[in-house]
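Have a look at the structure below, then the notes.
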Amino acid sequence: MSTDLFCEIIAGERPAYVVASDEVAVSFLDTRPVFKGHVLVVPRTHVETLTDLADVGPFFQRVQAMARAVEQGLQAGGTFVAMNNRISQSVAHLHVHVVPRNKKDGLRGFFWPRTKYESAEEAQSYADLISKAL
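Under our numbering, the first residue of the sequence shown is numbered 1394, with each subsequent residue one higher.
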């Protein structure tokens, strides 16, 4: 089995602000979010790209539920849902970005400015809001 940052989070070997976890996927806050509440949804089994994922349906049901939870939990106007395959993929483990969006939030095109959480408590509060909306 391959070991990467996301495999370590899934195994509980590396800390993360986990929003949801089940037999299919683990979802947690991005440590360098585009906007606060930016969640990564990763398959529990290690695969590098979308074409490597054997059972796409259950995984994308989790992505769909997370997009709904981010909107509801954070009272966002919408979400931006995206993934890279190999090129610009910062971790070689399939992951889908679910980013909260609001009108005039400043996100344009494919330039993703990054921000930081002010504290561990602030990050946990975002994870809790989204998790409760699931």
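Glycine is no exception: its CB is placed at the ideal position from the N, C-alpha and C atoms.
Helix, strand or coil: how does DSSP classify residue i here?
| i | result |
| --- | --- |
| residue 1398 | helix |
| residue 1467 | helix |
| residue 1456 | helix |
| residue 1411 | strand |
| residue 1501 | strand |
| residue 1510 | coil |
| residue 1426 | coil |
| residue 1487 | coil |
Leaving out five residues on either side along the sequence, give the residues of the same chain with a beta carbon under 8 Å from the beta carbon of residue i.
| i | result |
| --- | --- |
| residue 1444 | 1478 |
| residue 1469 | 1430, 1463, 1493, 1494, 1495 |
| residue 1457 | none |
Per the DSSP calculation, residue i is bridged to which residue(s)?
| i | result |
| --- | --- |
| residue 1472 | 1493 |
| residue 1479 | Residue 1479 is not bridged to any residue. |
| residue 1436 | 1418 |
Applying the criterion that 16 or more other CB atoms from any shown protein chain within 10 Å of the CB defines a buried residue, is residue i buried or exposed?
| i | result |
| --- | --- |
| residue 1449 | exposed |
| residue 1418 | buried |
| residue 1501 | exposed |
| residue 1480 | exposed |
Does the CB of residue i have a neighbour CB from chain C at under 8 Å?
| i | result |
| --- | --- |
| residue 1397 | You won't find chain C in this structure, because it holds only one protein chain. |
CB-CB under 6 Å to residue i, same chain, minus the five flanking residues each way: which ones, in chain order?
| i | result |
| --- | --- |
| residue 1474 | 1460, 1491 |
| residue 1482 | none |
| residue 1451 | 1417 |
For residue i, which residues from the same chain have a beta carbon less than 7 Å from its beta carbon, with the 5 sequence-adjacent residues on both sides left out?
| i | result |
| --- | --- |
| residue 1522 | 1466, 1467 |
| residue 1440 | 1446, 1487 |
| residue 1510 | 1429, 1516 |
| residue 1485 | 1397, 1441 |
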